[in-house]
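Notes to accompany the following structure.
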Amino acid sequence: MATPATPAAPRTNRLGLSVVEYKGAKSTLCAGCGHNAISERILEAMYEMGVPPERVAKLSGIGCSSKSPAYFMSRSHAFNALHGRMPSVATGAVLANRELLALGVSGDGDTASIGIGQFVHLMRRNLPILYVVENNGVYGLTKGQFSATADLGAKLKTGVQNDLPAIDLCTLAIQLGATFVGRSFSGDKRQLSAMLRAALAHRGTAMLDVVSPCVTFNDHEGSTKSYAYMKEHDVPLHELQFVPAFEDLAVEYDPGTTVDVTMHDGSHLRLRKLEEGYDPRDRGRAMSRLVEAQAGGDVLTGVLFVDAKAPSLVDLLNLVDAPLATLPAEAVRPPREVLDALMDALR
Amino acid sequence: MATPATPAAPRTNRLGLSVVEYKGAKSTLCAGCGHNAISERILEAMYEMGVPPERVAKLSGIGCSSKSPAYFMSRSHAFNALHGRMPSVATGAVLANRELLALGVSGDGDTASIGIGQFVHLMRRNLPILYVVENNGVYGLTKGQFSATADLGAKLKTGVQNDLPAIDLCTLAIQLGATFVGRSFSGDKRQLSAMLRAALAHRGTAMLDVVSPCVTFNDHEGSTKSYAYMKEHDVPLHELQFVPAFEDLAVEYDPGTTVDVTMHDGSHLRLRKLEEGYDPRDRGRAMSRLVEAQAGGDVLTGVLFVDAKAPSLVDLLNLVDAPLATLPAEAVRPPREVLDALMDALR
Amino acid sequence: MASPDSSVAPLPAARPDGGARVNDFSIQVATANGSGSQSSNTVLLRAIFQMGVPVSGKNLFPSNIAGLPTWYTIRASRDGWIARKKEVDLLVAMNPETARDDVLGLSAGAAVVYDAPLALAELRPDLVYYPVAFDALVEPLTKEPKLRRLLRNMAYVGVLARLLDLDLGEVEHAIEKQFPGKPRARDLNVAAARAGFDHAATLEKRDPLVVRRMDRTAGKILVDGNAAAAMGALFAGVTVVAWYPITPSSSLVETLIGHLRRYRIGPDGKATFAVVQAEDELAAVGMAIGAGWAGARAMTATAGPGVSLMSEFAGLAYYAEIPAVIFDVQRVGPSTGLPTRTAQGDVLSTAFLSHGDTRHVLLFPGSVEECFTMGVDAFDLAERLQTPVFVMTDLDLGMNVWMSDPFPYPARPLDRGKVLGKDDLDRLGGFARYADVDGDGIGWRTLPGTPHPKAAYFTRGTGHDEQAAYSEDPRTFERNLARLEKKLDGARDLLPAPVREGSGEAKLGLLAYGSSDPALREARDQLRREAGLDSDYLRVRAYPFSREVREFVEAHERVYVVEQNRDGQLAALLKLDLPAALVPRLRPVPHLDGLPLDARTVSDAIRAEEAR
Amino acid sequence: MASPDSSVAPLPAARPDGGARVNDFSIQVATANGSGSQSSNTVLLRAIFQMGVPVSGKNLFPSNIAGLPTWYTIRASRDGWIARKKEVDLLVAMNPETARDDVLGLSAGAAVVYDAPLALAELRPDLVYYPVAFDALVEPLTKEPKLRRLLRNMAYVGVLARLLDLDLGEVEHAIEKQFPGKPRARDLNVAAARAGFDHAATLEKRDPLVVRRMDRTAGKILVDGNAAAAMGALFAGVTVVAWYPITPSSSLVETLIGHLRRYRIGPDGKATFAVVQAEDELAAVGMAIGAGWAGARAMTATAGPGVSLMSEFAGLAYYAEIPAVIFDVQRVGPSTGLPTRTAQGDVLSTAFLSHGDTRHVLLFPGSVEECFTMGVDAFDLAERLQTPVFVMTDLDLGMNVWMSDPFPYPARPLDRGKVLGKDDLDRLGGFARYADVDGDGIGWRTLPGTPHPKAAYFTRGTGHDEQAAYSEDPRTFERNLARLEKKLDGARDLLPAPVREGSGEAKLGLLAYGSSDPALREARDQLRREAGLDSDYLRVRAYPFSREVREFVEAHERVYVVEQNRDGQLAALLKLDLPAALVPRLRPVPHLDGLPLDARTVSDAIRAEEAR
Ligand SMILES: Cc1ncc(C[n+]2csc(CCOP(=O)(O)OP(=O)(O)O)c2C)c(N)n1
Ligand SMILES: Cc1ncc(C[n+]2csc(CCOP(=O)(O)OP(=O)(O)O)c2C)c(N)n1
Ligand code: SF4
Ligand code: SF4
Ligand SMILES: [Mg+2]
Ligand SMILES: [Mg+2]
């Protein structure tokens, strides 16, 4: 992505790649699963942003959601790791090669149940990664038990009711220091696409909590993660527009009704407010608004918080520009004199 | 604690026990360690509340803080478990015997680093437990590395600076559904004592984050968990008064300046406001105020959040009144007819 | 993926020579998962079972929710062999994705019932084909396409009923059992089965397979091992269950929850149990250990990845001496491996689970009945020995349906182990938690909450003396570790003894455990009949090993240790346990491909070795 | 707590018969931790070392920050024996809490320097006493009470210098090294040492212990194994370090961080490394594995509890074939155990770490020099073998100071293993990640980010075929597992070969590893001198075992396997690896009390066995 390419011909992106080059293996997920839609949106966003597939590392845990990276972008390396432990693997991979564009794909069980510890610490570190949680409120792959994002009072098909409060991953991420936090819905093509493209331009942790109905185990009445529920309770905070740096369109906007965030690469994220008073740059206010919405059963969607300036972990560690993984021996093995000096000091 | 005893003679509590019966082994912690002061406060609170030591189960992880249960209340059972895993052990113990008064003692490393996952889920479940984090911002027992509650910009003795945001356990606990959340300081005898007594009357998770300076590794200039720092930045939100049920004193108070919380056992927690507008019953507001204070380097102390009515995990599971641990065989092994019926169904 | 056994050179199937093959064949049904075929297959299995014919069913399913190939194999065996059989005599080919490979993998002469549009008959001339237009059959039954897909699968049951001469009444009875309290589903399925049955009258029977009534299943039950273990826990009086879902153990806990809700909630709605779905396996076992410490009968259930995660806690429970029951329903490793395939691959790592000289007690149920009895015993043993007890079952045992005698009501009262109460303490004036007062290495414990000023002790994973006080003293440490060794050594006599078969006169010993049992029994028969090799057989049921294991090895020149893993894990434990002079007698026969063990694999391996 | 060895029946100490005992004795200093005695003891050790006399120091410290009893033992040995010696010839009793037991534990004739107010001389008549009023000695030096407490400890160094006839100049030189860049601390400490030295002139020397200059330490260094391993990682070119603090491994990483900051940050302030203090050990090893996957030389360091927590990830790395280096600085288990005591207790559980037929490569450094060289080699091996490599060091090696030859600069270039780059892919047109193209079981890999459309593959812990595609096929699974077995088997030839000592003619073989080495060498000498028992000695340096291990066992009638654990863990691995016929030759000699192994324990055990 170093040099913006010339505007692409109709059927290819600015790298000259057609969308086919971003495809993956045939999905083995259930027909209608929200995760399949998210895979599509990711693939499109990568294509549209002209991300070279070889630069992407797809990282995931275990679950239906975590399988999904097999179903897009076969030209990207992928690591389907352990249940709940994707964040640590991703951290290692990014530190090894800072040029990678890390895409973490996880589920609500993978992230909020077994993985919540690694999630918390990844958020704190502001690792450069696009972290997508495909949130269906259940464990799909193990056949429909509640996860920790299941809402209070939600019901399983069997009638069993969840009596514990849901972990709201967005509120949590905001509190913990994540620098780009959004929520969307697998069924909201426009919003999700714009959000993904903006997130790809972010340097730091972009955490997207995407409600993604499980048609097999959690799309019935009584579920709060169903298509029907989302249709009723989705409250978009703003209309998202993303203007990539390479397109540099000078679109007019009204600062009174629109928040404009300049991303690290010079692209613009524009949020045309639908809710008066919500400012995605105020951590505390964002949190209290989310708590309130959660209590009322509303699902706020949009870019809930953004801080495009905070240093990422790679910045904090002040790494050399080249990937650590492929530094030449001379750069990493100190010369003989260093060993001599060390030995002398021990005599 | 079923029947309030008659008012105690001067040197004994309402159970007729002297404070000596609440003592533990000699502390092996460093002289001046904040943890020692907290042990004292806990012991006193238990004594003053007339808690039978045999009813208490002391649970801890690994660390200097987690060792401290050995140094008070030798007449109580104790379980010094694994690093970061006290919450799960405590959960099991409480479910096995709901009559136990569970006291969890942990450190900031034990809870916020390795243990954050179990912490999050314990808070969600509202397990009846008094969970005390002895927070010094470092790993004491392994000699002074930063923990995840170390503040942004805090410095180690060696000059190394922490460049990651601190996890604020109180904000987190409030968000996750804990029902009694307080912060105090090991050096504030009065506040901590009142808070501990109130927490002992709470049914549900009472999480107390107690700043507890590590004199050996984190009490220098540049530390934000030192005695000196706390003296300057401690901002009490209110004056705490706790009126136990068995004392039933009818103290006058002004509802305008004082919040009165009736605890589950009929005792009263009275908070005379020092900060206008802070209401420890409003989750969202509490969180945003805490975020704001944290950004400003202030340490808000007091009962930050309380909900004395929420059902605890024991309520949710609708357990029989007697401890599960000692139910007689007849109560737990179904009769022969049940097996016969089950077998029939399989024929 | 090819049919599961396609790359094994098929053995020549017994060719029908005009006569019928009665009650001795295997059927493989190839479908896609999530298509309701599981119900159909169960109905088929049950119908044969109801005719008094010994059966077994093996479900070979993918790690996936819907749409991928699944195979279900039903074996009917008048001789009572219930191990998996590799040869398929009758294929029901419903899945277009695999039909070609499924057919190509058959032995000559096998029969194929298939969905007519698949046009499989062109593939090979040497099979017996029964094309059935399933869509047409179920079309009249419903308009809902989704339901039709399900009913197609019940229709093949009807077709098979006719072809195999099954009593349609038994099929209908089985359908009734399958859909209890759902009259509409029942009626539709009965209609579908009938449609198949009626249609099949138009087919010309050209294979020799038939079912005839027998009386070998009277009084028996059909059940999977997870359900059996769940009942074990129920009748053990389990009180605290902490778990985290993982295939193939989830159904154990889910079944248990059903039973607990039904049988352990009082008229006042109050429960004598607590179940917590934990956030992960570390928490699950931590809760079980906390509960065991506080005196509950506590358990968790998991599979390999969960056991690995429990490692640190397992060491704590061993060293601090806390009872807990852990069901490990083994699946194929390493790592996430093949989550829906069976193995005995966690034996060695679980025996030594955790760093620093840790050892554990393992039980190896060899049947669904033992899933039940050991499910009960495990709790007694854990409390008696004050240590975690691992019940090492597996996916084949746990998730497949097995024929069994009904389970016996536990004969012994609960053994709650060495616990001192208030009165004991009054009498004794105190106690030392880790003192070996009885010479068996097991100390007495008190439960938290015991109302006595001397009841308390301090539990820790750090070094401790007899009074449970912190200690770094080298001699105290050594003594304590030696006592723990003695305790586990003494456990040999408390654990389920091995089961011996054979005259005891053979030179050849076979040794195995767990779900390998049916294959071993059949292999023994094959060895005798086909190769004149006489053998004795020992089925090990627990680790540390009973002294009888040593006697068995002493009594045989060569002992084949058959197991379902790559590394010969039980053989390894034997090598470490037996006197060195006996070790050369052991001949490990490890095998691991994720499929349930079959007799032929075993007898072939042993014959080859013996021929050397 | 009693002096660490108080319950061992003391062996009769060599009595001085008028003559001096030159350069052959051991000193034990008993203090409280956190009192600065660690500096004093290092100075004392170094001063003797500077006099050319072989020394070793063992720190016996509590799991605590300040105030609990600590013992430091210094052994001077003109013959170069550096194992711990149980007998104490000179006690420095500074700790009122333990002084009584410390004195009662001595052999007759031993000398005691003690803090006068402790009035120890009354305890026994058969010792040589040197009371010193330490408070009075340091009183003039400073007014700060805290500082005084520290200086008291430097004063005993001065006292000992006089008593042992140490050159005060060497003491001062050692103090200088101890406080580099802290002139005030240095001066005060020199003053304290001098005060002690001067005062001791008033004492009447009545013990035979003296130090005389030798030349056996010229050119040598003093270093602890953690520092050595840290240098190993530095010169291996480590790039990603993820860790979680735990005794006794923390200082390994902390030292490494120091070196990285110093030697691996460019003039522009940019670092060629990343260090992350992870939230726990699961995350630490996860980061190392993620980094190893992406091509970095990645490591973590931990102790037993951490290794247990890494279990699930270890299985993933084995199965998905990802390099990572894990230093396990072993301490005493089970569980949290004795965190500040030494053991070799994680060997067996680490070899099989994780469920389901997982196996790992272990290295066993036997000296600080090998902590360095294996610290380098581990990275080459991990990348060559594409698997985690565990460097099994221990607290004794890691945290005690050892005399050593200086470390050699690595002779070989970095071995980055089989990695295909863009050009290779252009040439080959593609690749299959898990194909055994070279016949060694090791496939070729690509790194994420390789700019070639055919570079990508999908890494997973689930079943996979040669192309890394998901597969549940039984035969594919078997083939893959067999290849992994072959790969680990082939590793034998790549790993450090065992070290052999002796003529090879003896009937008796000794086999050991790691920090047991000095005790083994000395024990061999004792066996020969004291019992006429000739032996050969093999020091194993890696698992899977080299073929030479088998040859050694074949060549000896009896092989004693000496190790520092309860269960005979390496002996267990040998039993599983050797041909069964050789197993009866093995005689496990496990020993575990948390103290570094001493020669007498070994030779006594072997003599007793041999006498049977
Ligand atoms: C250590 C471990 N425990 C349990 C499992 C079993 N398991 C596989 S996926 C899964 C839950 C996945 O839920 P989620 O992350 O929400 O993904 P979804 O399938 O709903 O997309 C579980 C519990 C496992 N693979 N590993
Ligand atoms: C699994 C595991 N990892 C690491 C350790 C080492 N360890 C012991 S205590 C501790 C940190 C304790 O910090 P904290 O909880 O803040 O307690 P403090 O000593 O500061 O009171 C660590 C990392 C351990 N005991 N177990
Ligand atoms: S089970 Fe649910 S989450 Fe899994 S693939 Fe099917 S619909 Fe998606
Ligand atoms: S090291 Fe710090 S936390 Fe530990 S006992 Fe000493 S002062 Fe307290
Ligand atoms: Mg989910
Ligand atoms: Mg701390």
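Just so you know, the sequences run in chain order U, A, X and W.
For reference, each letter of the first sequence is one residue, going 7 to 353 in my numbering.
For reference, each letter of the second sequence is one residue, going 7 to 353 in my numbering.
For reference, each letter of the third sequence is one residue, going 290 to 901 in my numbering.
For reference, each letter of the fourth sequence is one residue, going 290 to 901 in my numbering.
Yeah, the Cβ is synthetic: ideal placement off N, Cα and C, and Gly gets one too.
Bear in mind the structure is a predicted one, so any value in this text is a computation, not a measurement.
Return yes when the C-beta of Phe350/W is under 8 angstroms from any heavy atom of ligand 4, and no when it is not. no
Sequence-distant residues of the same chain with beta carbon closer than 8 angstroms to Ala303/X, five excluded per side: Note on Ala303/X: pLDDT 39, under 50, position unreliable in the model; the coordinate value appears next. Cβ neighbours of Ala303/X beyond the five flanking positions: Arg310.
Are there three or more Cβ pairs, one per stretch, closer than 8 angstroms when the region 292-310 of chain A is compared with the region 292-307 of chain U? yes
Counting contacts by CB-CB distance shorter than 9 angstroms, is Glu18/A in contact with chain W? The question names Glu, but residue 18/A is Thr in the sequence shown. Cβ-Cβ to chain W under 9 angstroms: no for Thr18/A.
Considering only the alpha carbon of each residue, which of Thr662/X, Arg722/X and Gly521/X lies closest to Glu755/X? Arg722/X
Relative to the C-alpha of Val909/X, which residue among Leu783/X, Glu465/X, Ala450/X and Tyr849/X is closest? Limits of chain X in this structure are 290 at one end and 901 at the other, which puts residue 909/X out of reach.
What span of residues does the alpha helix (DSSP H) with Gln566/W cover, start to end? First-last for Gln566/W: Ala563 to Gln566, but that is the beta strand (DSSP E), not the alpha helix (DSSP H).
I want to check one thing, is the minimum distance from the CB of Ser597/W to the heavy atoms of ligand 1 below 8 angstroms? no
Would the C-beta of Ala142/U count as close to ligand 3, meaning under 8 angstroms from any of its heavy atoms? Note that residue 142/U corresponds to Asn in the displayed sequence, not to Ala. Yes, since a heavy atom of ligand 3 falls inside the 8 angstroms radius drawn around the Cβ of Asn142/U.
For Lys64/U, which residues does DSSP report across the bridge? Ala84/U and Leu109/U
Taking the alpha-carbon of Ala572/X as reference, which of Asp194/A, Thr97/A, Val305/A and Phe186/A has the nearest alpha-carbon? Thr97/A
State the DSSP-derived secondary structure class of His649/X, mapped to helix, strand or coil. coil
9 angstroms Cβ cutoff, Leu348/A in contact with chain X: yes
Where in the region 148-236 of chain U do unbroken runs of the beta strand (DSSP E), each at least 3 residues long, occur, reported from the N-terminal end onward? 186-191 and 211-217
For Lys559/W, go through chain U and note every residue whose CB falls closer than 9 angstroms to its CB, in chain order. Asn324, Leu325, Val326 and Asp327
Quick check: the region 613-624 of chain X against the region 625-632 of chain W, are there 3 or more CB pairs under 8 angstroms? no
Residues of the region 23-57 of chain A in Cβ contact with chain W at a cutoff of 7 angstroms, in chain order, please. Thr34 and Cys36
Arg304/X in three-state terms, based on DSSP: Summary for Arg304/X: the model assigns pLDDT 39, below 50, so the residue's position carries little reliability; its value from the coordinates is reported in the next sentence. Arg304/X: coil per DSSP, three-state reduction.
Would you say His89/U touches ligand 1, meaning its beta carbon is less than 8 angstroms from a heavy atom? yes
Under 9 angstroms between C-beta atoms, does Leu296/A make it to chain U? yes
Check whether the Cβ atoms of Ala336/X and Val427/X sit closer than 9 angstroms, and answer yes or no. no
Does the Cβ of Asp754/X lie closer than 8 angstroms to at least one heavy atom of ligand 5? no
Using a Cβ cut-off of 8 angstroms, pull out every chain A residue sitting near Glu386/W, in sequence order please. Going along chain A, no residue has its Cβ under 8 angstroms from Glu386/W, so there is no contact; the nearest lies around 11 angstroms.
Measure from the alpha carbon of Phe338/W to the alpha carbon of each residue in Gln327/W, Asp487/W and Ala507/W, then state which is nearest. Ala507/W
Quick check: is the beta carbon of Gly346/X nearer than 9 angstroms to any beta carbon in chain A? no
Quick check: is any heavy atom of ligand 1 less than 8 angstroms from the C-beta of Thr528/X? no
Determine the chain W residues that contact Thr332/U at a beta-carbon separation under 8 angstroms, and present them in chain order. Gly584 and Leu736
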